Amino acid sequence: MARYLILLFLVLSFSLFYEFLTNITLFFSAGLLKLFFNSVFINNATIIINSGVMIEIIPACIAGSAYILLLILNLTISMKIKQRILSILLSFLLLFALNVLRISFLSVLYYNNFLFFEFTHKLFWYLLSTIFVVGIWFFTAKIFAIKEIPVYSDIILIMKVIKNK
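Offset between the sequence shown (1-based) and the working numbering: plus 27.
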C-alpha cells in the first residue's frame, strides 16, 4: 500500500510538476511550430507566431489531469519497480508527444484562420483527449503485460485477506 502513499504525495505536490510540464510543453510546441513559421517566440504562457498571432496556453492545454490519471492507473496496480517506472515513463512520454502535436496542429489551424477551428479545438478537448488517455493506458498495459485492473484488483485482494481471517 506504499504506492498509494506515493500517489498521494505526488498528487499533492503536482503544482511543481505542472509548472515543469507547462514550460517543457511550451518549449517543444514552439520548437515544432518553428518548422512551419519564420518567427516563433514564447512570452510567459503565450506562443507568438510571426509577431502577430498569439496562442495562449492555458492550464487545461497542458493536460495535467491526464497525467494524474495515468499516474493513478500506474500506481494503483501492483508491479515490479522497474516495470512501474518504465510504464509511467512510457505513458507520460506518449501523452507529452501527443499533446505537443495537438497544440502545434491547432496552432497552425488557428494561424491560418481555419473555418472549423473552434469545432476542431473542442473535438480535441472533449473527445480526443479522453481517447488519448484510454489508448495510452491500453497500449501501456499491453506492452507491459498488465493484467490487473487499477484499484479494483486491490479491493479484491483486500476482500480475500479479510475473508481468510
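From the three backbone atoms N, C-alpha and C, an ideal C-beta is built for every residue, glycine too. Given the structure is predicted, the values throughout are model-derived calculations rather than measurements.
- Taken atom to atom, the span from the alpha-carbon of Ile-158 to that of Ala-90 is near 13 angstroms.
- Secondary structure of Ile-95 (DSSP, three-state): helix.
- Taking all protein chains in view, the Cβ of Leu-122 is crowded by 16 or more other Cβ atoms within 10 Å, so the residue is classified as buried.
- Taken in chain order, the whole alpha helix (DSSP H) runs of length 4 or more contained in the stretch 59-144 are 86-89, 91-102 and 108-138.
- The C-beta separation of Ser-56 from Ile-130 comes to about 4 angstroms, placing the pair in contact by the 8 angstroms criterion.
- Taking C-beta separations shorter than 7 angstroms and ignoring five residues to either side along the sequence, the partners of Val-38 in its chain run Ile-95, following chain order.
- Counting the other CB atoms within 10 Å of its CB gives Thr-52 a total of 16 or more, which places it among the buried residues.
- In this structure Ile-85 does not touch Ile-74 by the C-beta definition: roughly 12 angstroms separates them, more than the 8 angstroms allowed.
- A straight-line Cα-Cα distance of about 16 angstroms links Ala-172 and Val-161.
- For Ile-69, same chain residues with a beta-carbon under 6 angstroms away, outside a window of 5 residues either side, are Leu-53 and Ala-57 in chain order.
- Here Asn-126 is not near Ile-115, since their CB atoms are 7 angstroms or more apart.
- Between Ala-72 and Leu-48, the alpha-carbon positions lie close to 12 angstroms from each other.
- Scanning Ile-182, Lys-107, Ser-134 and Phe-165 for the CA closest to the CA of Leu-97 turns up Phe-165.
- For Val-135, the closest C-alpha among the options Asn-77, Ile-99 and Leu-154 is that of Asn-77.
- DSSP places Phe-159 in the uninterrupted alpha helix (DSSP H) bounded by 156-170.
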